[in-house]
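**Q** Below you will find the structure I want to go over with you.
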Amino acid sequence: MLELLIAAASLTAVDAERAFAADAKRIGQWTAFRKYADETAVMFTPQAVWAHEFLANRKDPPKSIHWGPSASWVACDGRTAITRGPGATAAGKWSGHFTTVWMREP
Numbered sequence: 002m003l004e005l006l007i008a009a010a011s012l013t014a015v016d017a018e019r020a021f022a023a024d025a026k027r028i029g030q031w032t033a034f035r036k037y038a039d040e041t042a043v044m045f046t047p048q049a050v051w052a053h054e055f056l057a058n059r060k061d062p063p064k065s066i067h068w069g070p071s072a073s074w075v076a077c078d079g080r081t082a083i084t085r086g087p088g089a090t091a092a093g094k095w096s097g098h099f100t101t102v103w104m105r106e107p
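Reading the sequence shown from the start, the letters are residues 2 to 107 in the working numbering.
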């Protein structure tokens, strides 16, 4: 499972998650993670690590993993949302589920 605490500028968390996944394919997997993770982001790899430390020197693989939201929950005030969905390797083999925690920037 992959979990990030990140800031979103998109209209919805689903829009942000889809843009994140598209950027991973367009600009590179780890480059996209660095773009979307804020300074407090945590990733589970499987242990909890600070995202920016984990991502600092990672080179993008030739092909990105694939993922997309299948469910989303939003806090009543609209400031926090969670997306969840399936993930697959770059070769398309199912590899588990991801969870992303999104926080809207003021």
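Positions of the beta carbon are idealized from the N, C-alpha and C atoms, including for glycine. Since the model is a prediction, treat every value here as computed from it, not as a measurement.
Indicate whether residue 87 and residue 73 have their beta-carbon atoms separated by less than 8 angstroms.
**A** no
**Q** So, helix, strand or coil for residue 90, using DSSP?
**A** Per DSSP, reduced to three states, the secondary structure at residue 90 is coil, with no helix or strand assignment.
**Q** Give every residue of the same chain whose Cβ lies closer than 7 angstroms to the Cβ of residue 107, excluding the five residues on either side of it in the sequence, and list them in chain order.
**A** none
**Q** Looking at the strands, I want to know which residues DSSP matches up with residue 49.
**A** 45
**Q** Helix, strand or coil, according to DSSP, for residue 1 in the structure here?
**A** The requested residue 1 is not part of the displayed model; the chain covers only 2 to 107.
**Q** Here's a check: name, in chain order, each residue in its chain whose Cβ is nearer than 8 angstroms to the Cβ of residue 96, leaving out the five neighbours to either side.
**A** Excluding sequence positions up to five before and after residue 96, its CB lies within less than 8 angstroms of the CB of 66, 88, 89, 90, all in the same chain and listed in chain order.
**Q** Measuring straight from C-alpha to C-alpha, what distance separates residue 28 and residue 36?
**A** 10 angstroms
**Q** With respect to the beta strand (DSSP E) encompassing residue 72, which residues constitute its N-terminal and C-terminal limits?
**A** Taken as a continuous stretch (DSSP letters only), the beta strand (DSSP E) holding residue 72 covers 72-75.
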